[in-house]
Amino acid sequence: MEISRPENFARENDKIMISNQKTLQKVNIRRANLHYQKPLPYEYQNGLPPLFTPKALQVLYNEYHINLIQKLNQLSETEFENSSVIDIIEKTAQVPSQAKNVLCSFIEGSFMETDNQKRINYRIFTRLTNEFGSVEAFKKEFKSNAMAIFGCGWTWLVETEFQMLRIVNSYNAGTALDTSRSQSVEPNFDSLSAPAISYVKEKEKSLQAPSAAPSVPPPNLLRFTPLLVLSVWEHAYLTDYGVNGRDEYIDRFWNCVDWEKVDQRAIFD
1 MEISRPENFA RENDKIMISN QKTLQKVNIR RANLHYQKPL PYEYQNGLPP LFTPKALQVL
61 YNEYHINLIQ KLNQLSETEF ENSSVIDIIE KTAQVPSQAK NVLCSFIEGS FMETDNQKRI
121 NYRIFTRLTN EFGSVEAFKK EFKSNAMAIF GCGWTWLVET EFQMLRIVNS YNAGTALDTS
181 RSQSVEPNFD SLSAPAISYV KEKEKSLQAP SAAPSVPPPN LLRFTPLLVL SVWEHAYLTD
241 YGVNGRDEYI DRFWNCVDWE KVDQRAIFD
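Going by UniProt numbering, 6 is the number at position 6 of the sequence shown; the sequence numbering is gapless.
1. With a CB to CB cut of under 7 Å and the five nearest residues on each side skipped, what residues in its chain are close to Ile120?
2. Determine the DSSP secondary structure at Tyr171, reduced to helix, strand or coil.
3. How is Glu248 classed by DSSP in three states: helix, strand or coil?
4. Put Pro41 into one of helix, strand or coil per three-state DSSP.
5. Could you give the distance in angstroms between the alpha-carbon of Thr129 and the alpha-carbon of Arg252?
6. What residues in its chain sit with their C-beta under 8 Å from that of Pro54, if we drop five residues either side in the sequence?
7. Distance check for Val243 and Gly151, CA to CA, integer angstroms please.
8. Below 8 Å CB to CB, which residues in the same chain sit around Val59 once its five sequence neighbours on both sides are set aside?
9. Between which two residues does the alpha helix (DSSP H) harbouring Glu136 extend?
10. For Ile66, tell me which candidate among Lys143, Leu51, Lys38 has the shortest Cα-Cα distance.
11. Report the residue from Glu161, Val232, Tyr64 whose alpha carbon sits nearest the alpha carbon of Phe268.
12. For Glu248, which residues from the same chain have a beta carbon less than 6 Å from its beta carbon, with the 5 sequence-adjacent residues on both sides left out?
13. Tell whether a beta-carbon distance below 8 Å holds between Leu165 and Arg223.
14. On the three-state DSSP scale, how would you describe Ser105?
15. Just confirm the distance between the C-beta atoms of Phe142 and Thr155, as a whole number of angstroms; I'd bet it's less than 8 Å.
16. Any beta-carbon of chain C closer than 8 Å to the one on Ala146?
17. Out of Pro41, Arg265, Cys256, which one is the CA nearest neighbour of Glu159?
18. Can you give me the C-alpha to C-alpha distance between Cys256 and Tyr42, rounded to a whole angstrom?
19. Using the Cβ count rule (16 or more neighbours within 10 Å means buried), how would you classify Arg246?
20. With a CB to CB cut of under 7 Å and the five nearest residues on each side skipped, what residues in its chain are close to Leu227?
21. Find out if the Cβ-Cβ distance for the pair Ile167, Val232 is shorter than 8 Å.
22. So which of Pro49, Leu230, Tyr36 has the shortest CA-CA distance to Ser170?
23. Go through its chain and collect everything with a Cβ distance to Glu131's Cβ below 6 Å, but skip five positions before and after it.
24. Does the Cβ of Gly133 have 16 or more other Cβ atoms within 10 Å, making it buried, or fewer, making it exposed?
25. Figure out for me which residue from Tyr237, Ala56, Leu40 has the closest Cα to the Cα of Met147.
26. Run through the DSSP bridge pairs and tell me what Glu159 is partnered with.
What follows is the structure, encoded as structure tokens:
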């Protein structure tokens, strides 16, 4: 019977340790690439009054949103493994993606606050007044857009790279980020509302008009910065408001908007 020498044991032990270290590194890399549910700035067990009861928020946050993130993490062994949610959206603009719903849900939840409505600060108040005539006129137009969505979608307040505020709708898994011209494919106009499309086309024409100014490459015409978003998917309001409750759901939405966070998302003053 052959007896292994001590140095052979050492070599074998070193091989096992190296193998274990490589395995651990792979596991840690995989964990680093996973997406996690970001905690809300309030206790979801208490609901989000007066918009959501505890039961409704439990469904949205602890069931629906977690399910989306789990599906998103199925991309961990694909070409999108090291991509952020926004990168995935921009690379798959014409493909329905769980990443889009995750992003929309996150943006929606991140600017909401509990208890009383936050007072609009002077800067966002001024911008809304300049663009829409008044804050109440803005809310009315926003609600009109949201009520006009047939089926599922999202209503957005966005900032354009022309320093303007606009209200746009996206449908199903579409987002306000789907329209970047930096993509290698044509923008996904199918997910945007008609007013958004006409606005973009008007801006294209104005930038393409002859000018005595030096030739400067135009900016990405379709780049929007999301400031505020409202889900009009049925699961968002069905629990508390019923099938025909979208109207009341939208009215109560304004009581939970944190306008400071909306303003902080803006790029331009």
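All C-beta atoms in this analysis are idealised placements derived from N, C-alpha and C, irrespective of residue type, glycine included.
On the basis of the supplied data:
1. For the purposes of this step, residue 120 is taken as residue 120 along the sequence shown, with counting starting at 1. Answer for Ile120: Val135, Trp259, listed in chain order.
2. Here residue 171 refers to the residue found at position 171 of the sequence shown. In the structure shown, Tyr171 sits in a strand (DSSP, three-state: E or B).
3. Within the sequence shown, numbered from 1, the residue matching residue 248 stands at position 248. Glu248 carries a helical assignment under DSSP once its states are collapsed to helix, strand and coil.
4. Along the sequence shown, read from residue 1 onward, the residue named residue 41 stands at position 41. Three-state DSSP puts Pro41 in coil, outside helix and strand.
5. Position 129 of the sequence shown, counting from 1, holds the residue named residue 129. Position 252 of the sequence shown, counting from 1, holds the residue named residue 252. Roughly 21 Å between the two C-alpha positions.
6. Translated into the one-based positions of the sequence shown, residue 54 becomes position 54. Closer than 8 Å at Cβ, skipping near neighbours: Tyr44, Gln45, Asn46, Gly47.
7. Locating residue 151 in the sequence shown gives position 151, where the first residue counts as 1. Locating residue 243 in the sequence shown gives position 243, where the first residue counts as 1. Here the C-alpha atom of Gly151 lies approximately 12 Å from the C-alpha atom of Val243.
8. Working through the sequence shown from its first residue, we reach residue 59 at position 59. Cβ contact annotation for Val59 (same chain, cutoff 8 Å, sequence separation greater than five): His235, Thr239, in chain order.
9. Translated into positions along the sequence shown, residue 136 becomes position 136. Here the alpha helix (DSSP H) through Glu136 covers 135-148.
10. Sequence index remark: in the sequence shown, residue 66 carries index 66 (1-based). Nearest C-alpha to Ile66: Lys38.
11. For this step, residue 268 is matched to residue 268 along the sequence shown. Residue Glu161 is the option with its Cα nearest to Phe268.
12. Numbered from 1 along the sequence shown, position 248 holds the residue referred to as residue 248. Non-local beta-carbon contacts of Glu248 in its own chain, meaning distances under 6 Å to residues more than five positions away in sequence, involve Tyr241 in chain order.
13. By one-based count along the sequence shown, residue 165 stands at place 165. By one-based count along the sequence shown, residue 223 stands at place 223. No; because the gap between Cβ atoms is not below 8 Å, this pair is not in contact.
14. Counted from its first residue, the sequence shown places residue 105 at position 105. In this prediction, Ser105 scores a pLDDT of 47, lower than 50, which makes its location untrustworthy; the coordinate-derived value is nonetheless stated afterwards. Helix at Ser105.
15. The sequence position of residue 142 within the sequence shown is 142, counting from 1. The sequence position of residue 155 within the sequence shown is 155, counting from 1. The pair is a contact, with the Cβ atoms about 6 Å apart (cut-off 8 Å).
16. No chain C appears in this structure, which consists of one protein chain only.
17. Your numbering for residue 159 matches position 159 in the sequence shown. In terms of CA proximity to Glu159, Arg265 leads the group Pro41, Arg265, Cys256.
18. Along the sequence shown, one-based indexing puts residue 256 at 256. Along the sequence shown, one-based indexing puts residue 42 at 42. Those two C-alpha atoms are separated by around 12 Å.
19. What you label residue 246 is simply residue 246 of the sequence shown in a count that begins at 1. Buried, since its Cβ has 16 or more Cβ neighbours within 10 Å.
20. Residue numbering aside, residue 227 sits at position 227 when the sequence shown is read from its first letter. Only Leu157, Val158, Glu159, Val262, Arg265, Ala266 meet the Cβ criterion.
21. As a position in the sequence shown, residue 167 is number 167, starting the count at 1. As a position in the sequence shown, residue 232 is number 232, starting the count at 1. No, the Cβ-Cβ distance between Ile167 and Val232 is not below 8 Å.
22. For the purposes of this step, residue 170 is identified with residue 170 of the sequence shown, where counting begins at 1. For the residues Pro49, Leu230, Tyr36, the minimum Cα distance to Ser170 belongs to Leu230.
23. By one-based count along the sequence shown, residue 131 stands at place 131. The residues are Leu165.
24. Stepping through the sequence shown from its first residue, residue 133 is reached at position 133. Gly133 is exposed by the Cβ-count criterion.
25. The sequence position of residue 147 within the sequence shown is 147, counting from 1. Here the closest residue by C-alpha is Tyr237.
26. Counting from 1 along the sequence shown, the entry for residue 159 is found at position 159. Under DSSP, the beta-bridge partners assigned to Glu159 are Leu165, Thr225.
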